[in-house]
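Visitor:
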Amino acid sequence: MAHIVQSQFCPERGLIYLLVSGDDPDKKWKSAEEILSSRPELIELHEKLYNLKSKHYPQSFAIKPRLIPKTYQDLIENCLDEEHYNGSLDLMESFQNEREYLPVYHIRQIMGIIVDETVENSLVIRAYKLLQHILQTCGAEPFQSVWKIDKANIEQGFIWCEYPLDFWKFFETKLMLTLNDDSSSKVDRTLMLLNHLTNVHEMDIINNLESSLLIQLFTKNYGKVRTNIKYPIEALLAPFSTDDIIPIRTARVAQRLLEQIILLSYAGIICTDTLKRELYLLIIKLNPDNFRVFFQTLPCTTFKCKLLDHALQDTNLGEVQREHRYLCNASLDLSKIIHVYFQSKPYYRRVCRSTAIWRHTFMLMTLLQSYIQSKSLRISEKIYNGLRDDEKKLFVEDLVRQKLEELAQWIADEKNIKKEFRQSAKLLIDLASIVLDMQCSMEIEEN
Numbered sequence: 025m026a027h028i029v030q031s032q033f034c035p036e037r038g039l040i041y042l043l044v045s046g047d048d049p050d051k052k053w054k055s056a057e058e059i060l061s062s063r064p065e066l067i068e069l070h071e072k073l074y075n076l077k078s079k080h081y082p083q084s085f086a087i088k089p090r091l092i093p094k095t096y097q098d099l100i101e102n103c104l105d106e107e108h109y110n111g112s113l114d115l116m117e118s119f120q121n122e123r124e125y126l127p128v129y130h131i132r133q134i135m136g137i138i139v140d141e142t143v144e145n146s147l148v149i150r151a152y153k154l155l156q157h158i159l160q161t162c163g164a165e166p167f168q169s170v171w172k173i174d175k176a177n178i179e180q181g182f183i184w185c186e187y188p189l190d191f192w193k194f195f196e197t198k199l200m201l202t203l204n205d206d207s208s209s210k211v212d213r214t215l216m217l218l219n220h221l222t223n224v225h226e227m228d229i230i231n232n233l234e235s236s237l238l239i240q241l242f243t244k245n246y247g248k249v250r251t252n253i254k255y256p257i258e259a260l261l262a263p264f265s266t267d268d269i270i271p272i273r274t275a276r277v278a279q280r281l282l283e284q285i286i287l288l289s290y291a292g293i294i295c296t297d298t299l300k301r302e303l304y305l306l307i308i309k310l311n312p313d314n315f316r317v318f319f320q321t322l323p324c325t326t327f328k329c330k331l332l333d334h335a336l337q338d339t340n341l342g343e344v345q346r347e348h349r350y351l352c353n354a355s356l357d358l359s360k361i362i363h364v365y366f367q368s369k370p371y372y373r374r375v376c377r378s379t380a381i382w383r384h385t386f387m388l389m390t391l392l393q394s395y396i397q398s399k400s401l402r403i404s405e406k407i408y409n410g411l412r413d414d415e416k417k418l419f420v421e422d423l424v425r426q427k428l429e430e431l432a433q434w435i436a437d438e439k440n441i442k443k444e445f446r447q448s449a450k451l452l453i454d455l456a457s458i459v460l461d462m463q464c465s466m467e468i469e470e471n
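Following my numbering, the numbering of the sequence shown begins with 25 at its first residue and continues without gaps.
Now the structure itself:
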């Protein structure tokens with residue numbers, strides 16, 4: 025699998041990346057434009073890993089992190105057993121200047137404190153900061169065995185009596201608790217715990233991409249080599265599948281963990297085609313509001329294009345002109361979007377006509393904008409563009425604008441569409457037109 029190992033600025037070629045392919049041992053320097061044109065997911069993977077490092081500041085020391093001494097473990101355990109949380113946190117915090125971490129059963133108890141409604145807020149915040157300090161100074165290693173537990177143990181906290189062996193069921197259950205709970209304090213504490221778990225996986229994937237903790241949490245499908253990702257995907261999309269609009273805070277936590285799975289697919293560790301098929305089978309059932317929220321919070325632009333490409337294949341392509349039929353099975357590019365998908369029409373077998381038309385319009389506009397975004401990279405004030413010359417020509421000749429106008433006219437002429445869906449579809453087209461104007465001005469400046 026090809027991947028980027030280094031980037032640097034070259035006065036002659038601008039931003040360049042050192043590309044390594046699994047089949048070819050030789051390393052090759054390629055410009056940002058070259059990789060954006062052919063493999064934009066590689067740049068997205070490289071940049072996202074770099075951003076995660078900037079976010080978490082993983083530290084490296086000559087001394088390997090180690091467990092706190094056994095004597096202190098016993099003292100802390102006694103305090104926790106007696107629910108003397110203030111004293112136990114004092115003992116734990118005394119090791120913050122050392123690269124020493126807690127045993128896993130203490131970590132479980134601290135996680136339990138965070139979501140325990142009987143514990144005062146100040147102690148909850150201290151518990152969260154303590155776990156974050158361990159993560160920053162010792163990495164993800166202290167948390168790798170949290171889910172390796174033989175049986176439920178109420179002494180380690182009440183949350184470990186709920187699906188203690190199943191990370192995904194645990195994560196799903198806690199996500200669902202953030203939807204309709206009347207207690208804002210309980211929701212805040214639950215999201216705090218989920219954010220910590222997500223931080224653990226983000227920290228882990230920085231240093232252990234090919235053997236990350238997430239891979240160990242996937243179940244194997246009947247012994248096959250291919251990883252079964254259906255169960256994790258169902259868990260992360262569970263809060264989107266409700267009738268009510270998902271809160272943005274909940275959506276972002278779920279999407280952060282989904283982002284890690286997508287990065288694994290970029291690296292070739294799990295199958296991208298399998299991932300997008302499993303996601304499509306779930307998102308097609310979402311109500312319009314959560315369908316919109318899902319795509320608006322999905323952080324991986326290149327994968328968003330792949331997912332929408334897969335979704336729009338399941339539309340009526342009967343009106344595609346004969347000379348462009350070959351594009352139906354071609355890889356995604358701007359020509360396919362314009363000549364195939366803008367000629368497509370939605371099926372009405374799953375939802376009512378209004379919803380189908382709005383969803384189709386939303387997917388078209390999101391795909392157009394995401395594709396343009398996936399082919400560009402902004403570094404400071406410099407923008408690198410990976411669109412091919414024939415794709416740029418579509419902007420210069422105003423063919424993209426023509427297709428947008430035709431789509432707007434089709435929606436205006438459609439009688440069987442609700443007013444709110446018509447207005448929303450028009451707004452989507454107007455927003456896409458703004459992006460189009462910006463892209464056209466860039467092409468004119470280059471020419």
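Don't be surprised by glycine CBs; every beta carbon is placed ideally from N, CA and C. As the structure is a computational prediction, the values presented were derived from the model and not from experiment.
1) Under 8 Å: do the segment 63-80 and the segment 91-110 share three or more Cβ pairs, one atom per stretch?
2) Where Thr321 and Pro64 are concerned, what is the direct C-alpha to C-alpha distance, given to the nearest angstrom?
3) For Gly163, which beta-bridge partners are listed by DSSP?
4) Just to confirm before moving on: does the CB-CB distance between Thr1 and Leu199 stay below 8 Å?
5) Rounded to whole angstroms, what is the Cα-Cα separation between Ser448 and Asn231?
6) Taking all protein chains shown into account, do 16 or more other C-beta atoms lie within 10 angstroms of the C-beta of Ser235, making it buried, or fewer, making it exposed?
7) Who are Ser118's beta bridge partners in DSSP?
8) Quick one: what does DSSP say Cys103 is sitting in, helix, strand or coil?
9) Does Ile366 come out as helix, strand or coil in the three-state DSSP assignment?
10) Please say whether Lys54 and Leu43 have beta carbons closer to each other than 8 Å?
11) Roughly how many angstroms separate the alpha carbons of Ser398 and His130, rounded to a whole number?
12) Along the chain, where does the beta strand (DSSP E) that runs through Gln30 open and close?
13) By Cβ distance, which residues of its chain are closer than 7 Å to Tyr152, with the 5 residues on each side in sequence left out?
14) Return the chain-ordered list of same chain residues with a C-beta closer than 8 Å to the C-beta of Lys210, the five sequence neighbours on each side being excluded.
15) By how many angstroms is the C-alpha of Gly410 removed from the C-alpha of Lys417?
16) Residues in its own chain within less than 7 Å of Leu392 by CB, not counting five upstream and five downstream?
17) Tell me the DSSP bridge mates of Leu73?
18) Counting C-beta neighbours from all protein chains within 10 Å, is the total for Lys248 16 or more, i.e. buried, or is it exposed?
19) Of the choices Leu358, Pro35, Leu428, Tyr74, whose alpha-carbon is the least far from that of Cys329?
20) Among Asn145, Ala354, Lys51, which has the Cα closest to the Cα of Ser208?
21) Phe167: buried (16+ other C-beta within 10 angstroms of its C-beta) or exposed?
22) Count the other C-beta atoms from every protein chain shown that fall within 10 angstroms of the C-beta of Tyr350, then say buried if there are 16 or more, exposed otherwise.
23) Check for me: the beta strand (DSSP E) holding Ser394 runs from which residue to which?
24) For the candidate residues Thr385, Leu282, Gly136, Gln120, whose alpha-carbon lies nearest to that of Lys300?
25) Given that a residue counts as buried once 16 or more other Cβ atoms are within 10 Å of its Cβ, and exposed if not, what is Lys79?
26) Would you identify the three-state DSSP class for Tyr41, choosing helix, strand or coil?
27) Quick one: measure Cβ to Cβ for Leu260 and Ala278, integer angstroms, because I've assumed they're closer than 8 Å.
28) Given this structure, state the Cα-to-Cα distance separating Tyr246 from Asn252, to the nearest angstrom.
29) Are Leu154 and Ile134 closer than 8 Å when you measure CB to CB?
30) Where does Glu144 sit, in a helix, a strand or coil, going by DSSP?
31) Could you tell me the boundaries of the beta strand (DSSP E) in which Asn409 lies?
32) State the CB to CB distance for the pair Glu124 and Leu91, rounded to an integer number of angstroms; the pair is presumed to be in contact (CB under 8 Å).
33) With the cut-off set at 8 Å, would you say Asp333 and Leu356 are in Cβ contact?
34) Using CA atoms only, rank isn't needed, just tell me which of Glu438, Trp382, Lys406 is closest to Glu57.
35) Excluding five sequence neighbours on each side, which residues of the same chain lie with their C-beta closer than 8 Å to the C-beta of Tyr109?
36) Please confirm whether Ala432 and Lys450 have their CB atoms less than 8 Å apart.
Guide: On the basis of the coordinates in this document:
1) no
2) 20 Å
3) Gly163 is not bridged to any residue.
4) An answer regarding residue 1 cannot be provided, because it is not within the stretch 25 to 471 covered by the chain.
5) Approximately 43 Å between the Cα atoms of the pair.
6) exposed
7) Partner(s): none; Ser118 has no beta bridge.
8) Residue state, collapsed to three classes: helix.
9) Strictly speaking, residue 366 in this sequence is Phe, with Ile absent from that position. Phe366: helix per DSSP, three-state reduction.
10) yes
11) 44 Å
12) 27-34
13) Hits under 7 Å: Ile138, Met216, His220.
14) Val139, Glu141, Leu201
15) 13 Å
16) Ile361, Ala456, listed in sequence order.
17) Answer is none; Leu73 lacks a bridge partner.
18) The pLDDT assigned to Lys248 is 43, lower than 50, so where the model puts this residue is not dependable; a value taken from the coordinates is nonetheless given after this. Lys248 is exposed by the Cβ-count criterion.
19) Leu358
20) Asn145
21) buried
22) exposed
23) Segment 377-398 is the alpha helix (DSSP H) holding Ser394; no beta strand (DSSP E) there.
24) Leu282
25) In summary, Lys79 is exposed, with fewer than 16 beta-carbon neighbours lying within 10 Å of its beta-carbon over all protein chains present.
26) strand
27) In this structure, Leu260 and Ala278 form a Cβ contact; the two beta carbons are roughly 5 Å apart against a cut-off of 8 Å.
28) With a pLDDT of 41 at Tyr246, under the threshold of 50, the modelled position of this residue cannot be trusted; read the value that follows with caution. Tyr246 and Asn252: Cα-Cα distance of roughly 9 Å.
29) yes
30) coil
31) 406-409
32) 7 Å
33) yes
34) Lys406
35) Cys103, Ile137, Val143, Leu147, Ala151, listed in sequence order.
36) yes
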